[in-house]
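The structure appears below as structure tokens.
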Amino acid sequence: MHFLVTGANRGLGLEFTKQLLEAGHQVIATSRNPSEASDLRALESASLRLMALDISKPESVDAFAKALNDEAIDVLINNAGHYSRVSVGFDHLNFDGVLHDFAVNGIGTLRVTQALLPNLRRGNAKKIANISSKMGSITDNTSGGSYAYRMSKAAVNMATRSLANDLRSEGFTVLTFHPGWVQTDMGGPNALIEPPESIAGMLKVVDNAGLEQSGRFWDYRGQELPW
Ligand SMILES: NC(=O)c1ccc[n+]([C@@H]2O[C@H](COP(=O)([O-])OP(=O)(O)OC[C@H]3O[C@@H](n4cnc5c(N)ncnc54)[C@H](OP(=O)(O)O)[C@@H]3O)[C@@H](O)[C@H]2O)c1
Numbered sequence: 000m001h002f003l004v005t006g007a008n009r010g011l012g013l014e015f016t017k018q019l020l021e022a023g024h025q026v027i028a029t030s031r032n033p034s035e036a037s038d039l040r041a042l043e044s045a046s047l048r049l050m051a052l053d054i055s056k057p058e059s060v061d062a063f064a065k066a067l068n069d070e071a072i073d074v075l076i077n078n079a080g081h082y083s084r085v086s087v088g089f090d091h092l093n094f095d096g097v098l099h100d101f102a103v104n105g106i107g108t109l110r111v112t113q114a115l116l117p118n119l120r121r122g123n124a125k126k127i128a129n130i131s132s133k134m135g136s137i138t139d140n141t142s143g144g145s146y147a148y149r150m151s152k153a154a155v156n157m158a159t160r161s162l163a164n165d166l167r168s169e170g171f172t173v174l175t176f177h178p179g180w181v182q183t184d185m186g187g188p189n190a191l192i193e194p195p196e197s198i199a200g201m202l203k204v205v206d207n208a209g210l211e212q213s214g215r216f217w218d219y220r221g222q223e224l225p226w
């Protein structure tokens, strides 16, 4: 199958790319600066294509979609994300940080999905996996803070639900994920699991998911999460 992974130069995106290549899939892996993505370049094979994409920049998304032309994509993994640590406490809320997380996580994810919809419609699997976070769950928020990240991931979750409804009649499965607390630059060294476990789990859920699972919030073990 043909997969597209955003934010593939490090962290979870890099591990998605590794495991998909190992499983024999074709992967388009995007990053903001492919020439500097040394870990990703080290995976280079005939099944891997590196392309430039900044999901927060409309002109980058447009150029990317144009470069893909009418190529079919089976599964879009909207992995790229940002956590603005400057906006952790309400007293010190930095609205530039709030806007930045929205531009990347909320609007960027939606813009990429819209731009690639013609390609996804040409694919057979018709699946979209949005990598969100439990921090975007309203029910799970018992500790407050992290306004920028929490609000932007709640937006991803709402977009997932609307997309699932809007694209259901065309046979699309649209999922939103909490990948676990994972040891990456974002998750930090104290996180509970390592990327291979998170990614293997999420790929299994994506693989097994159909319309019944669409529009719902999953963790990497396939457990459903509350909104
Ligand atoms: N790690 C965790 O514990 C955890 C928990 C819950 C959810 N998540 C979610 O999982 C996803 C992957 O996280 P991670 O842990 O791998 O984070 P990470 O190590 O910080 O990597 C983030 C990736 O997103 C890319 N990115 C950031 N802004 C971008 C933009 N404007 N356009 C394109 N790419 C952009 C980064 O590219 P650059 O290198 O160019 O910055 C990088 O490739 C994110 O959506 C994150 O919110 C992670």
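For reference, each letter of the sequence shown is one residue, going 0 to 226 in numbering that gives the first Met the number 0. Glycine included, every Cβ here is placed at the ideal spot set by N, Cα and C. Note that the structure is predicted; figures quoted are calculated from it, not measured.
Handout entry: Heavy atom of ligand 2 within 6 Å of T183 beta-carbon
Key = No copy of ligand 2 occurs in the structure displayed; its ligands are ligand 1 alone.
Exercise for the section: Within the same chain, show all residues whose beta-carbon is closer than 6 Å to that of S30, passing over the 5 residues directly before and after it, in chain order. Expected result: If the five residues before and after S30 are omitted, its C-beta is found closer than 6 Å to the C-beta atoms of A7, N8 and A36, all from its own chain and listed in chain order.
Problem - CB of V204 within 7 Å of CB of I192, strictly - result: No. Outside cutoff.
Exercise for the section: Measure the Cβ-Cβ separation of G135 and A153 and say whether it is below 7 Å. Expected result: Between G135 and A153, the C-beta gap is smaller than 7 Å, which places the two residues in contact.
Practice task
Kindly examine ligand 1 and report whether one of its heavy atoms sits closer than 6 Å to the Cβ of D53.
Solution key: Checking the Cβ of D53 against ligand 1 gives yes.
Exercise for the section: Kindly indicate which three-state DSSP category A153 falls into: helix, strand or coil? Expected result: Helix, per DSSP.
Practice task
Take every Cβ of the segment 9–25, pair it with every Cβ of the segment 64–84, and state whether three or more of those distances are shorter than 8 Å.
Solution key: Between the segment 9–25 and the segment 64–84, the count of Cβ pairs shorter than 8 Å is three or higher; the stretches touch.
Practice task
Using the Cα positions of M185 and P195, report the straight-line distance between them to the nearest angstrom.
Solution key: Straight-line Cα distance between these residues: approximately 16 Å.
Exercise for the section: Look at the alpha carbon of W226 and the alpha carbon of G187, and state the distance between them as a whole number of angstroms. Expected result: The straight-line gap from Cα to Cα measures roughly 25 Å.
Exercise for the section: Kindly confirm or deny that the segment 43–62 and the segment 116–123 touch, where touching means at least three C-beta pairs closer than 8 Å. Expected result: No, because fewer than three Cβ pairs between the segment 43–62 and the segment 116–123 fall closer than 8 Å, the two stretches do not touch.
Practice task
Report whether the distance from the Cβ of N226 to the nearest heavy atom of ligand 1 is below 6 Å.
Solution key: Here the sequence assigns Trp to residue 226, which means Asn is not the residue at that position. Annotation for W226 indicates a beta carbon at 6 Å or more from all heavy atoms of ligand 1.
Problem - Whole-angstrom distance between G107 and F171, CA atom to CA atom - result: Here the C-alpha atom of F171 lies approximately 20 Å from the C-alpha atom of G107.
Problem - Presumed contact (8 Å Cβ cut-off) between L174 and Q18, rounded CB distance - result: L174 to Q18, Cβ: 17 Å. No contact.
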